[in-house]
Structures are given as C-alpha cells and as structure tokens.
Amino acid sequence: MPELRKDPIHGRWVIISTERSRRPSDFQPEERKPMGGFCPLCEGNEDRTPPEIIAYRDNGTPPNSPGWTLRVVSNKFPALRIEGDLNREGEGIYDKMNGIGAHEVVIETPRHTETLVTMPLKGVENVLRAYRDRIVDLKQDQRLRYVLVFKNHGVAAGASLEHSHSQLVALPIVPGRVVDEIEGAKNYFNYKDRCVFCDIVRQELQQKSRVILENKSFLSIAPFASRFPFETWILPKTHYPSYEKMESSLYEQAAQILSDTLKRMNWVLNDPPYNYIIHTSSFSGHESEHYHWHFEIMPKLTKVAGFEWGTGFYINPTPPEEAAEYLREAK
Ligand SMILES: [Zn+2]
Ligand SMILES: [Zn+2]
Ligand SMILES: [Zn+2]
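Structure follows, in structure tokens:
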C-alpha cells in the first residue's frame, strides 16, 4: 500500500510508493563521459581563478601559489556580487532589490581526481572547517542575512567542473525554503516547547528503522517523509542552531559521519550524482531555541517532473526504511 506521509517541519506531504519499490540496481547512473581538458581548479593553475579568499597551507607557501590543501575563491561567474549598497525598491506592485551577495567556491583538494569519498578524513574535515570560517566572516557583512552552503557532484546534479568543489552563496534575504523550515520548527516549538529536530533525533534513535549511521555526536537518517529515493539527513544529536557555532572538535565528527555516509551511497548506488546542502540558522540568530542545523543529501536518481512541479508533492519509489537498510548494511 502506498502511504501518504507528512513532514512535521514543512507540513509537506509525500507519497511513499511501496508497490513500485525500487532497488539500488534500478538506478543506473547516466553514462559518464570524462570532461577532460584544462582545469582551473588544479594545483599549479592558481592564476586562472579569482584570487583566494582563504587557503589552508601546511608549509606556509605564499597566497595564490601551489602548496595548498584547500582554497576558497570567488566564483568566476557569480550569481550575486559583493560590491555596492543594498537597494530595495518597488516597481508598481513588484518589489525588487539589487543582487548583493557573495558567491564563493571551495576547492576541496589540489588533486583533480580526488573526491570527498576518496580523500582522507582530514581533507573532509578541512572542507567542513572552511565552510565555518567563511560563514563566520560573511556574517560580519551587515547587508547579508543568510548563507547557503551546497555541493553539486556530477554533471546530472549540476556540477560544471569535474574537480571536487562546493559553493557558498550569501544572500541579502532569508530564502523561502529556509523560512518555511524555520517557521515550521517554530510552530512545533510553540506547541510542544521542544525542538522538532531534537525530537526527530530521539525518536529515530528509538525506532532505529531509518537510522543509517551514528557516532558520538551525529546521526545519519533516511527521513520519515523522504522526498527522493535515498534522501539522507545528518543531524547533530544535541541542539546546535548554527553550523558555525559548534565547538571545534565536532567538525571532525561531522566529517567522519559525512564521509562514511557518502562512501555507503557511493557503494550502494555506484557513484551517483548528488547534491547536498547545509541548512543553518539565519544571521539574525532569532531561531536559536527551535532551529537545529543539518545536512540534507539528495542523490539524483529520479527526475522531478510535471506532477511534482505542479503540486510540490513528491512521489518517492523507495521507502526510507528500505533505503536506510541498504545504506546501513553496505560495507
Ligand atoms: Zn582539476
Ligand atoms: Zn534541536
Ligand atoms: Zn533542512
């Protein structure tokens, strides 16, 4: 029997279609053609990217030269620009503002073929620390209200460069999806006096059927109302509203569970294209009681089509309990 499930945060309904239940082998990734050619993100090509904003260098080599383990640069083709004043204006019934913001690229490794799955744990930890360092810096900018960290892996997931990288976009507004999530969490908090994410962590640890992995501080789950096959969330087990405000030791633990989760996905789904995002509090910090930062990882296995676009109602052919089991049992 298919099930209608409501996400307690968004109030969003999904159809879990057990009848058409799909196994990992039903999702063959598209033929991968090597993109090849010159790569501006490789070590030695530092002059082909905008100058670095930060870089991690073990041996103190000068900026914009080889010898780094990670670099952050501005996006060469930014969606938003950092220069100028923020102007809000109306045009008849329409409101608009200019595109102030920041769009940065985190070059996760100097090596072209290394990925988050193949790099050593320390490399993944560096990536997570770089996100924190950049969020802390961007928060100083009074014009900005939110920063979204995201990664597109694979052409089908929107990656235009093969070299492993992720991106940050800082915005002068809090985006709608984030507002919905914050509002949903706030409504839950007003009603129950508890954080909905903390409650999810507690219940999933009890029920176990949707748990993929856990370590001392984090939990990786297939969410109850998963929109997509193998959708996965990683949440801190204790209440942390803001990603960048965790104590330092937690980034190592976050790297460990992210790396392990991605390795399992890689194994079960044969290196699928995927997107991940970090949802964290807005710069205002007004949501510290009821919001709880997390990763959302979405392997790109199905295409979002007319029905989904028209209704916001997702049809997910793999029950999250089965997805969790495949990932839990992967070695
Ligand atoms: Zn490269
Ligand atoms: Zn919480
Ligand atoms: Zn979220």
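Numbers 1 to 331, taken from this note's numbering, label the letters of the sequence shown in order.
Built from N, CA and C at the ideal position, the CB exists for glycine as well.
None of the values given here were measured: they were computed from a predicted structure.
Query, Result
"Spatial distance of S288 from N190 (CA atoms)", "13 Å"
"Proximity to L213 [Cα-Cα], best of T232, L86, I15", "T232"
"Backbone CA spacing between S242 and E322 [nearest angstrom]", "31 Å"
"Boundaries of the beta strand (DSSP E) in which Q140 is found, first to last residue", "Looking at the DSSP string, Q140 is not in any beta strand (DSSP E), and its letter there is neither H nor E."
"Residues that DSSP places opposite E308 in a beta bridge", "In the DSSP output, where bridge partners are listed per residue, E308 has none listed."
"One or two residues paired with Y274 in a DSSP bridge", "H153, P299"
"Cβ contact (3+ pairs, closer than 8 Å) linking the segment 293-308 and the segment 217-232", "yes"
"Among G101, E108, G123, nearest to L138 - alpha-carbon criterion", "G101"
"heavy atom of ligand 2 below 6 Å from F228 C-beta", "no"
"Own chain residues within Cβ distance below 7 Å of G67, not counting five before or after", "R57, N59, T61"
"Boundaries of the alpha helix (DSSP H) in which R264 is found, first to last residue", "250-269"
"Stretch pair the segment 201-217 + the segment 172-187: three plus CB contacts closer than 8 Å", "no"
"Contact test: E181 Cβ vs ligand 4 heavy atom, cutoff 6 Å", "The model depicted lacks ligand 4 and carries ligand 1, ligand 2 and ligand 3 instead."
"C-beta atoms of N87 and N98 nearer than 7 Å", "yes"
"Near ligand 2: H292 beta-carbon under 6 Å from a heavy atom", "yes"
"Under 7 Å between C-beta atoms of A222 and P320", "yes"
"Residues of its chain near Q140, where Cβ-Cβ distance is below 8 Å and the 5 sequence neighbours each way are ignored", "none"
"Any chain D beta carbon closer than 7 Å to S65", "Note that chain D does not occur in the displayed structure, where there is just one protein chain."
"Residues bridged to K6 [DSSP beta-bridge criterion]", "W13"
"Sequence-distant residues of its chain with Cβ nearer than 6 Å to E125 (five each side left out)", "Y251, E252, A255"
"Three-state class that DSSP yields for F186 in the structure shown", "The amino acid occupying residue 186 in the given sequence is Lys; Phe does not appear at that position. If DSSP states are grouped into helix, strand and coil, K186 belongs with the helices."
"CB of E13 within 7 Å of CB of F313, strictly", "Per the sequence presented here, residue 13 reads as Trp, with Glu not at that position. Yes, Cβ-Cβ distance for W13 and F313 is below 7 Å."
"C-beta contact flag for T109 and V73 at 7 Å", "no"
"Among F27, L121, H239, the one whose alpha carbon lies nearest that of N270", "F27"
"N215, DSSP secondary structure in three states", "coil"
"Neighbourhood of F224 by C-beta, 7 Å cutoff - its chain only, sequence neighbours within 5 removed", "R5, R210, P320"
"Three-state secondary structure (DSSP) of P236", "strand"
"Buried or exposed (CB count within 10 angstroms, at least 16 for buried), V136", "exposed"
"Whole-number beta carbon distance between Q167 and H112, since they are thought to touch under 8 Å", "Incorrect: roughly 18 Å between the Cβ atoms, too far for contact."
"Closest by C-alpha distance to G36, when choosing among S160, L116, F283", "S160"
"Three-state class that DSSP yields for A323 in the structure shown", "helix"
"Cβ separation of Y276 and M265, assumed to be a contact under 8 Å, to the nearest whole Å", "Not a contact, Cβ separation roughly 10 Å."
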